[in-house]
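Novice: Following this message is one structure expressed as structure tokens.
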Amino acid sequence: MDASYFLARLKRPLLYVMALSYIIAGITHFIIPEAFAQIVPPMLPYPLVLAYLSGVAEIALGVGLLSSRTRKLAAWGVIALLIVIFPANIYMAVSDVTVTGVFGWTLNPSPTAQWSRLPLQGVLILWAWWYTRSMPGK
35 MDASYFLARL
45 KRPLLYVMAL
55 SYIIAGITHF
65 IIPEAFAQIV
75 PPMLPYPLVL
85 AYLSGVAEIA
95 LGVGLLSSRT
105 RKLAAWGVIA
115 LLIVIFPANI
125 YMAVSDVTVT
135 GVFGWTLNPS
145 PTAQWSRLPL
155 QGVLILWAWW
165 YTRSMPGK
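In this note's numbering, the protein residues as written are 35 to 172.
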């Protein structure tokens with residue numbers, strides 16, 4: 035069994051993982067919007083609105099990935115979203131942001147974790163790009 039066969043067999047299950055991840059992340063933007071607003075770089079206006087908008091985008095793109103008719107467009111949308119939100123990841127890494135959420139919990143990832151998110155965005159972009167290509171058996 036070669037690597038291309040193995041990857042082809044994983045492509046559909048990983049699609050569902052990706053779609054569900056974006057849908058859940060998007061819903062989370064509505065459950066704890068203040069937490070997401072805190073990581074919006076201060077030079078951007080209306081952080082709470084931006085948190086809600088990114089939540090809507092994540093839900094819509096996650097749902098879009100599930101349909102073969104909208105999958106490629108949704109995958110390109112995920113790529114665009116990951117590029118657009120990248121400044122928030124940079125802001126978190128360089129500003130040592132502590133996020134306060136519901137029930138008073140705080141999230142203060144280590145600098146290593148914050149900086150590790152930056153190259154992870156590239157991996158997520160490549161993963162989404164994979165779905166701009168035809169699915170096996172098409």
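Glycine included, every Cβ here is placed at the ideal spot set by N, Cα and C.
Bear in mind the structure is a predicted one, so any value in this text is a computation, not a measurement.
Is the Cβ-Cβ distance between ALA108 and LEU95 less than 8 Å?
Specialist: Result yes, Cβ atoms of ALA108 and LEU95 sit closer than 8 Å.
Novice: Taking 8 Å as the threshold, find out whether the stretch 121-132 comes into contact with the stretch 50-63 through three or more Cβ pairs.
Specialist: Result no; under three Cβ-Cβ pairs closer than 8 Å.
Novice: Using the three-state DSSP reduction, which class does VAL74 fall into: helix, strand or coil?
Specialist: Of the three classes helix, strand and coil, the one that applies to VAL74 here is coil, per DSSP.
Novice: Quick one: residues in its chain with C-beta nearer than 8 Å to the C-beta of TRP161, no 5 flanking neighbours on either side, listed in chain order?
Specialist: Answer for TRP161: LEU48 and MET52, listed in chain order.
Novice: What are the boundary residues of the alpha helix (DSSP H) that includes THR146?
Specialist: Per DSSP, THR146 belongs to the alpha helix (DSSP H) from 145-164.
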